[in-house]
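Counting the sequence shown from 1 gives a position; this note's numbering is that position plus 75.
Glycine residues also receive a C-beta, built at the ideal position from the N, C-alpha and C atoms.
Okay, so here's the structure we're looking at.
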Amino acid sequence: MATGPNQVWSWDITKLSGLVKWSYYHLYVIMDIFRRYIVGWMVAHREPSALAKKLICESIDKQQVEKKRLTLHTDRGSSMKSKSLALLLSDLGVTKTHSRPHTSNDNPYSESQFKTLKYRPAFPKRFGSIEDARGFCREFFEWYNKKHCHSGIALYSPEIVHYGQVEKVRAQRQEVLDATYQHHPERFVKKPPATQKLPEAAWINKPALEQNSDKSLH
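See below:
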């Protein structure tokens, strides 16, 4: 469970098809699950643990994460389970968790983000080169962090949550809703409109007793 930024990150790797059949590029993505903010990404030719270590170190550095504060969650791929990565995380004071064996939905935030990526209208069936793949991802993650109205965080963008601007934007939204209600109260039968609240916590696996009807992660 995360109740604030830099408490739980989810990371995973997905394949992007190259120009030649059976050729792929590997996209690494790390997301802060509370903010849905992409803290690090990389496109590479291969999937060695050394690249994962480099990306994780750079992301922790950039976000200035304190020791023994962060939990890093991922699935059970070979890169994720490597001994060298486990030792690095231990040195950095990062707790690691893995998806349960044979449980496909145990890394929901990363899987959901990959779905958003691959269902974009501009997403190509194949990339002509690794530079093309990196260029596409650069534009996508810029949009995702800054402009994507994320349903999992009350339709704020990850950047708004990342930089603590939620209350300012919420107040602006409420002003618009109040003005609309004053001009057309007949449109709102039950009660005046109100802005959504930012969820208080984000869970990798929410206990059954804590679950509610809002299961959107996109």
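C-alpha gap between residue i and residue j, whole angstroms
{"i": "residue 80", "j": "residue 237", "result": "7 Å"}
{"i": "residue 172", "j": "residue 147", "result": "6 Å"}
{"i": "residue 270", "j": "residue 162", "result": "45 Å"}
{"i": "residue 265", "j": "residue 245", "result": "21 Å"}
{"i": "residue 87", "j": "residue 97", "result": "20 Å"}
{"i": "residue 206", "j": "residue 91", "result": "12 Å"}
{"i": "residue 251", "j": "residue 257", "result": "10 Å"}
{"i": "residue 186", "j": "residue 144", "result": "24 Å"}
{"i": "residue 189", "j": "residue 89", "result": "8 Å"}
{"i": "residue 255", "j": "residue 247", "result": "13 Å"}
{"i": "residue 140", "j": "residue 262", "result": "47 Å"}
{"i": "residue 156", "j": "residue 259", "result": "57 Å"}
{"i": "residue 201", "j": "residue 249", "result": "43 Å"}
{"i": "residue 221", "j": "residue 214", "result": "11 Å"}
{"i": "residue 138", "j": "residue 253", "result": "37 Å"}
Neighbourhood of residue i by C-beta distance below 6 Å, restricted to the same chain and skipping five residues each side
{"i": "residue 108", "result": "77, 83, 85, 184 and 277"}
{"i": "residue 134", "result": "105, 114 and 115"}
{"i": "residue 124", "result": "154, 157, 159 and 160"}
{"i": "residue 130", "result": "103, 115 and 117"}
Beta bridge counterpart(s) of residue i as assigned by DSSP
{"i": "residue 83", "result": "146"}
{"i": "residue 225", "result": "231"}
{"i": "residue 202", "result": "93"}
{"i": "residue 194", "result": "The partner list for residue 194 (beta bridge, DSSP) is empty, contrary to what the question assumes."}
{"i": "residue 77", "result": "277"}
{"i": "residue 105", "result": "86 and 115"}
Simplified DSSP state of residue i, which is helix, strand or coil
{"i": "residue 161", "result": "helix"}
{"i": "residue 170", "result": "strand"}
{"i": "residue 155", "result": "helix"}
{"i": "residue 288", "result": "Here the model assigns residue 288 a pLDDT of 49, short of 50, so the residue's position is not dependable, and the following value carries that caveat. Looking at residue 288 - three-state DSSP - the assignment turns out to be coil, as it is neither helix nor strand."}
{"i": "residue 256", "result": "helix"}
{"i": "residue 100", "result": "strand"}
{"i": "residue 88", "result": "strand"}
{"i": "residue 210", "result": "helix"}
{"i": "residue 112", "result": "strand"}
{"i": "residue 269", "result": "coil"}
{"i": "residue 251", "result": "helix"}
{"i": "residue 140", "result": "coil"}
{"i": "residue 118", "result": "strand"}
{"i": "residue 264", "result": "coil"}
{"i": "residue 183", "result": "helix"}
Residue environment, residue i, which counts as buried when at least 16 other CB atoms sit within 10 Å
{"i": "residue 95", "result": "exposed"}
{"i": "residue 219", "result": "buried"}
{"i": "residue 127", "result": "buried"}
Close beta carbons around residue i, own chain, < 8 Å, minus the five adjacent residues each side
{"i": "residue 224", "result": "230, 231 and 232"}
{"i": "residue 182", "result": "85, 87, 148, 149, 150, 174 and 279"}
{"i": "residue 228", "result": "110, 111, 236, 273 and 274"}
{"i": "residue 120", "result": "100, 101 and 205"}
{"i": "residue 136", "result": "none"}
Same chain, Cβ closer than 7 Å to residue i, neighbours up to 5 away in sequence not counted
{"i": "residue 281", "result": "none"}
{"i": "residue 212", "result": "102, 116 and 118"}
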